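These notes are about the structure you will find just below.
Residue numbers (my numbering): 1 to 161.
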């Protein structure tokens with residue numbers, strides 16, 4: 001893609017003054033592994049100083065993320081993956097399997113049979129990945145962070161709220 005792709009109509013709103021242009025730039029270039037890492041860092045930044053220091057987010061910190069910012073992160077992923085990736089895409093798949101985590105993991109390509117997909121080498125970092133494959137969420141601590149992201153008011157309240 002060209003630099004003109006960066007001047008797209010995608011709103012990069014942030015309640016916290018976060019600059020989302022670096023994420024947009026790597027997504028435009030199809031650098032999904034880099035975008036995934038940057039997304040984790042941005043979520044930690046939005047989750048507060050504790051999350052930044054730990055380099056991972058507690059599920060209780062997800063509520064600290066402004067809806068505007070979560071929607072911005074999601075819009076970028078959805079736009080630059082042609083609707084294939086993003087938290088909202090993952091959430092829709094989760095709702096589509098009746099919120100059954102065991103059915104969601106294989107759909108996302110995060111688990112095959114009884115084996116979890118190994119990070120980073122076994123994940124697919126391009127558009128050939130299954131729908132909802134990215135961004136990743138660390139499941140080592142269980143599903144609570146992802147559950148909190150899926151329950152976030154960003155998906156249930158109007159963008160003006």
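Every residue, glycine too, gets a C-beta built ideally from N, C-alpha and C.
This structure is a prediction, so every number in the text was calculated from the model and none was measured.
In the structure shown, what three-state DSSP assignment does residue 14 receive?
If you number the chain shown from 1, residue 14 lands on position 14. DSSP places residue 14 in coil when its eight states are reduced to three.
Helix, strand or coil for residue 88, going by three-state DSSP, please let me know.
Here residue 88 is taken as the residue at index 88 of the chain shown, counted from 1. In this structure, residue 88 counts as helix in the three-state DSSP scheme.
Which same chain residues end up closer than 7 Å to residue 120 when comparing Cβ atoms and leaving out the 5 residues on each side of it in sequence?
Stepping through the chain shown from its first residue, residue 120 is reached at position 120. Within its own chain, the residues whose Cβ lies closer than 7 Å to the Cβ of residue 120, once the five positions on either side in sequence are excluded, are 33, listed in chain order.
Are there 16 or more other CB atoms within 10 angstroms of the CB of residue 99, so buried, or fewer, so exposed?
Here residue 99 corresponds to residue number 99 of the chain shown, with the count starting at 1. Under this definition residue 99 is an exposed residue.
Cut-off 7 Å between Cβ atoms - residues of its own chain near residue 146, not counting five sequence neighbours on either side:
Here the question's residue 146 lines up with position 146 in the chain shown. The answer, listed in chain order, is 137.
Could you compute how far the alpha carbon of residue 106 sits from the alpha carbon of residue 65?
Here residue 106 refers to the residue found at position 106 when the chain shown is read from its first residue. Here residue 65 refers to the residue found at position 65 when the chain shown is read from its first residue. Rounded to whole angstroms, residue 106 to residue 65 spans 28 Å at the Cα level.
Quick one: any contact between the stretch 24-33 and the stretch 72-85, if contact means 3 or more CB pairs under 8 Å?
Counting Cβ pairs under 8 Å, three or more are found: they touch.
I think residue 57 touches residue 49, with their Cβ atoms under 8 Å apart; what is that distance to the nearest whole Å?
For the purposes of this step, residue 57 is taken as residue 57 along the chain shown, with counting starting at 1. For the purposes of this step, residue 49 is taken as residue 49 along the chain shown, with counting starting at 1. Not a contact, Cβ separation roughly 12 Å.
Just the C-alpha distance for residue 165 and residue 54, rounded to the nearest angstrom, thanks.
The question about residue 165 has no answer, for the chain in this structure spans 1 to 161.
Length at least 4, wholly inside the stretch 23-51: the alpha helix (DSSP H) runs in chain order:
32-47
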